[in-house]
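The sequence shown begins at 38 in the working numbering and counts up one residue at a time. We put the beta carbon where it would ideally sit given N, CA and C, even for glycine. Computed from a predicted model, the values in this text were never measured in an experiment. One structure is given below, encoded as structure tokens.
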Amino acid sequence: MKTIPKVGLAILILGIAYSCKNASENENAVSSADYATATTDSASVISSSAAVQPKNSNRKFVRTADIKFKVKNVAKSTYAIENVTNKFGGFVTYTNLESHINHKEESRVSQDSILETTKFTVDNNITIRVPNTKLDTVIKLIAKEIDFLDSRLIKADDVTLQMLSNKLAQKRSESTEKRIANSIDSKGKKLNQVMAAEETSDTKKEAKDNKTIENLSLNDQVNFSTITINLYQRESIKHELYASEKSINNYRPNLGLQIWDSLKTGWFMLESIVAFIIQLWAIFLIVFLGWIGYKKFLKK
């Protein structure tokens, strides 16, 4: 009869332990789910249809993104962003990682030790360029580093007509250039006429070259999108303990030595006074002779 209660008690304890374990596992599962949801939310917030390259489209878009957000660690997030950029065929054109000191103070903790406390913030401005077909993917991967999103601006400027206008301007300049060249060869008799035609031809060539360079620049901006990122972290505090320099009072001489130095200084002053008085012997001699003369002649 006594065995049954013991068995029942053991079963009850095992049941409680199993319930606690399941509760812990459920809690961990919820935490992981929350983190995954938060990461997904960041990616969805920072993404945009403006960053997606449409398929089978003849339009040309210059895509740019400007993003500012807080991270846990600026240095680690910077390395992660640079790695993502390289992975998808992009490159970093600018990065400026800086620490800004907000406050610094020193506190003496012992006779020979000082504690230095520094409050600082770290930020970085990064400019990267990635293939236009990978812009949305790169932005979503960058979103994994976000702790708090301040702002995001994504632009897709349609430059199709501008590029077409440049091509037409190139053709017009080329046609005009050919006519001027033919005119110089067939009708150019006078030097002044030839020089004016040559100058006009050079102007047309320069205009055509400028349109060519402008189109090359637009093509480059179309093929590689630009992302400007400003990331920062919360204020950090650094404590550093270092040895303090000895005070000048530690090198002061003792009282006896100070008295001896004072006596020597007084003696040197007395010597200087006596030497100065002796230097005035000529004046004393003149005064003495004058006094003798006064007594001798004026009394008579």
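Contacting residues, own chain, Cβ-Cβ under 7 Å from residue i (five flanking each side not counted)
i              : result
serine 150     : Leu278, Ala280 and Ser281
isoleucine 138 : Thr155 and Phe157
Inter-residue spacing [alpha-carbon to alpha-carbon] between residue i and residue j
i              : j              : result
tryptophan 304 : isoleucine 310 : 10 Å
lysine 181     : serine 202     : 41 Å
leucine 317    : leucine 300    : 26 Å
glycine 330    : asparagine 291 : 58 Å
alanine 319    : glycine 293    : 42 Å
serine 136     : isoleucine 266 : 17 Å
leucine 7      : isoleucine 176 : Since the first and last residues shown for the chain are 38 and 337, residue 7 lies out of range.
serine 188     : glutamine 148  : 50 Å
proline 168    : leucine 198    : 22 Å
lysine 208     : valine 121     : 41 Å
leucine 255    : aspartate 160  : 31 Å
leucine 322    : isoleucine 314 : 12 Å
isoleucine 118 : tyrosine 131   : 13 Å
threonine 115  : threonine 249  : 36 Å
glutamine 270  : arginine 145   : 30 Å
tryptophan 328 : alanine 312    : 24 Å
proline 170    : methionine 200 : Looking at the sequence shown, residue 170 is not proline but threonine. Taking the straight line joining both Cα atoms gives about 20 Å.
tryptophan 297 : valine 324     : 40 Å
arginine 289   : glutamine 295  : 9 Å
leucine 307    : leucine 326    : 28 Å
lysine 332     : threonine 302  : 43 Å
Among the options, nearest to residue i - alpha-carbon criterion
i                 : options                           : result
valine 1          : Leu134, Tyr269, Asp194 and Ser273 : With the chain running from 38 to 337 in the structure shown, residue 1 is simply not present.
asparagine 247    : Val159, Ala206 and Leu268         : Ala206
glycine 129       : Lys204, Lys97 and Ile264          : According to the sequence provided, residue 129 is valine. The question's glycine does not apply to it. The option with the nearest alpha carbon to valine 129 is Ile264.
histidine 276     : Trp297, Glu153, Gly126 and Glu142 : Glu153
phenylalanine 125 : Ile296, Phe98, Thr174 and Thr302  : Thr174
asparagine 110    : Glu272, Gly327 and Leu326         : Glu272
leucine 134       : Ile118, Leu307 and Ile163         : Ile163
lysine 97         : Leu253, Gly127 and Tyr131         : Leu253
isoleucine 104    : Tyr116, Ile165 and Asn139         : Ile165
histidine 140     : Thr158, Asn123 and Val146         : Thr158
leucine 178       : Lys333, Asn123, Ile250 and Gln270 : Asn123
lysine 113        : Ile183, Glu251 and Thr170         : Ile183
glycine 127       : Asp257, Lys332, Ala244 and Phe334 : Asp257
Residue i - partner residues in DSSP beta bridges
i                : result
arginine 189     : Ile104
leucine 268      : Phe106 and Asn161
leucine 152      : Ser144 and Leu278
valine 167       : Ser262
tyrosine 131     : Thr164
phenylalanine 98 : Asp195
isoleucine 138   : Phe157
serine 202       : DSSP output for serine 202 lists no bridge partner at all.
serine 273       : Phe157
Contacts around residue i, its chain only, beta-carbon distance under 6 Å, and the 5 residues preceding and following it disregarded
i              : result
lysine 192     : Thr101
glutamate 142  : Thr154
leucine 190    : Asp103
isoleucine 274 : Lys156
Spatial neighbours of residue i in its chain, beta-carbon cut-off 8 Å, leaving aside the 5 residues before and after
i                 : result
phenylalanine 185 : Phe106 and Lys107
asparagine 95     : Thr197
glutamate 251     : Asn203
phenylalanine 334 : none
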